[in-house]
Structures are given as structure tokens and as C-alpha cells.
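If you're matching positions, the sequence shown starts at 952 in my numbering and goes up one per residue.
Beta carbons are placed, not taken as given, at the ideal position from N, Cα and C, and that holds for glycine.
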Amino acid sequence: MKPDLHCHSYYSDGAHSPDFLCRRAIENGVTHLAITDHDCIEALIKPMDDCYEIQIITGVEISCEWETQEIHLVGLCIEHENSQLISLLKQQQRARYSRMQAMDELLVKNGINGLQDYLNRLPCKAFTRSHVADFLLSSGKVKNKQKAFKQFLGKRGKAYVPFQWQSMVRAIKTVQAASGIAVIAHPGRYPLSRLKLELLINQFKQMGGDAIEVSYGSVQPKMQKKLENLAEKHSLYVSVGSDFHNVEAHWTDIGKYPQVSSSSIKNAIWNHPRWHPL
């Protein structure tokens, strides 16, 4: 079994179609694939013609908040037609679009027009600041995406619009109401101290969370070991995924992430009682 339980299509901030992701996964020897787009499940609704050779795991990645910190919660094995889940995702999508409109107004004040037209041409259902960065880059306003965030989209940027996400506990309960498994995505990426990271994991467990991602495309060996230890300490399942977005991002690819230790693999998420491929 070779799963990849975290990747993105062009329905959120990925660059490729769900069919492309399936073909890439098959080429890379992946047996189980979850397309976990940000706050949308469009990839699960549209037919995927090239996925017949692979087991599809239903998934989504919900943006939420814990102690003012944005956290990403992956939901796996979800019933994607669940009304509670659909309601939350629609609310998130509307809020994201409203944020884009507010950013557009700030960009116009800075002499930059065309963001709304750019966004309307995309298949995306859940817009992110990364889309705005792509717009600024493609329109020649910045030299790279890093400059876009520094000048416009970061907290001190000219077009930054603050945002309040759903609470982490609501995200967990919504995933589980849809019969899904709630997973903290890439825990080592958040700007948290060692003590804060452990507090996050501890409170996630107390809220009823199921698993944490211990291996992902950018994880370092020291952090992976720490996450595996935290999962064991708090009796959480372990999950894995590349967090693949784009073939041009050479730091990751579908099915490419560090191997999980033999001691942790016994608590792999595919041993969870709610685990079920399509």
C-alpha cells in the first residue's frame, strides 16, 4: 500500500485537474489517493475518467483557527454529500470570495486593476491569497510570488485583508458529522514554539481529533520524529501526504514524502475504524 492523502487540484490552489493528479499518482506507484482541496469538494463531484486504476479516498482541507493561528484540517473518508459539511464549505467559499473583493478594492486604490476578471476565468471554487499572488506575477506587478506577499498580501502588505476562520472544534465536528477522519495537516509548518505545538496537539485530541500528518513533502527528519512521538503520546493516528500542488514545485510530487517509522505505522490512519475508500 502506497497512499498519498493530501494533494490539491485546480479547484483550490493546485495547478492541475483531478484526472491529471490520478495519472500522476498511478505513474508514481500510488495506490490510494485523496484530493484534499481547500474548502471545496468539487473534485469529488466531477467524474474522474483516469482514476479507475487507483483507490480514491474522499477528502477536503478546511481552514480553521486555534488561538488566533490559522490551522489546516484535512478531513478524510468524508461523506461529501453531507448537508452539514456542504453548509460549512459554502460559508467558507463565500467568505473567501468576499475577501478577494476587499483585496481587489485595495489593489485598485494602488493602481492595479483586473483581479476580479482574472479570478472569474479560473475553475477555482475556493480562492486564496496565492491566486492573488499569481495575478500580480502574471500582470507584471511583482517579480515573484514572495515579492507579492511581502509588498501586497502579507500582514503588512498594501492589499492585506485580515480573516477570521471557523473554530478548529467546529471543523473537527463537521468532518466527523460527515463520517470523516479529522487530521491536522502539516503541523510542523505553523509558526509555533515546541510547547505551543504540543498544546495544539493536546487540545486537538481533547476536541475529539483523530490524527496528525507526520510525513509530508517538506517535513524535516527532526520534525517528523517529533510529530510521530506526539502522535503516540496523545494516542492519535498518523497520516501521510505530499501536499502536492504543481509539477513546477520541485520540493514535492505525488506519493513523495519520507517513510514513516515502523513503530508509528501500526497506528496508520488506514487502521482507523472510519477508514473506507470509495
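{"Asked": "Candidates 957, 1043, 1128 and 1010, of which the one nearest residue 1079 by Cα", "Found": "1043"}
{"Asked": "Sequence-distant residues of the same chain with beta carbon closer than 8 Å to residue 1009, five excluded per side", "Found": "985, 992, 995, 1027, 1028, 1029, 1030, 1031, 1131 and 1229"}
{"Asked": "Classification of residue 1003 by the beta-carbon crowding that lies within 10 angstroms, buried from 16 upward", "Found": "exposed"}
{"Asked": "Neighbourhood of residue 1055 by C-beta distance below 6 Å, restricted to the same chain and skipping five residues each side", "Found": "1066 and 1067"}
{"Asked": "Residue from 967, 979, 980 and 1022 whose Cα sits closest to the Cα of residue 999", "Found": "967"}
{"Asked": "Test item: CB-CB of residue 1011 and residue 1050 under 8 Å", "Found": "no"}
{"Asked": "Rounded C-alpha distance that separates residue 1005 from residue 981", "Found": "8 Å"}
{"Asked": "Alpha carbon of residue 1157 to alpha carbon of residue 1186, nearest angstrom", "Found": "11 Å"}
{"Asked": "Cβ pair residue 1190, residue 972 closer than 8 Å", "Found": "no"}
{"Asked": "Per DSSP, the bridge partner or partners of residue 1011", "Found": "1026"}
{"Asked": "Among 1094, 1200, 1207 and 1149, nearest to residue 1180 - alpha-carbon criterion", "Found": "1149"}
{"Asked": "Terminal residues of the beta strand (DSSP E) in which residue 1163 lies", "Found": "1162 to 1167"}
{"Asked": "Backbone secondary structure at residue 1001 - three-state DSSP", "Found": "coil"}
{"Asked": "Residue 959 and residue 1195 closer than 8 Å at C-beta", "Found": "yes"}
{"Asked": "In chain order, each beta strand (DSSP E) run of at least 3 residues that lies wholly inside the stretch 1124 to 1175", "Found": "1132 to 1135 and 1162 to 1167"}
{"Asked": "Simplified DSSP state of residue 958, which is helix, strand or coil", "Found": "strand"}
{"Asked": "Collapsed DSSP secondary structure at residue 963 in the structure displayed", "Found": "coil"}
{"Asked": "Reduced DSSP category for residue 985 - H, G, I as helix; E, B as strand; rest coil", "Found": "strand"}
{"Asked": "Nearest-angstrom Cα separation, counted from residue 988 out to residue 1099", "Found": "23 Å"}
{"Asked": "Cβ-Cβ separation, residue 1162 to residue 1141 (assumed contact under 8 Å), whole Å", "Found": "Not confirmed; about 16 Å, so no contact."}
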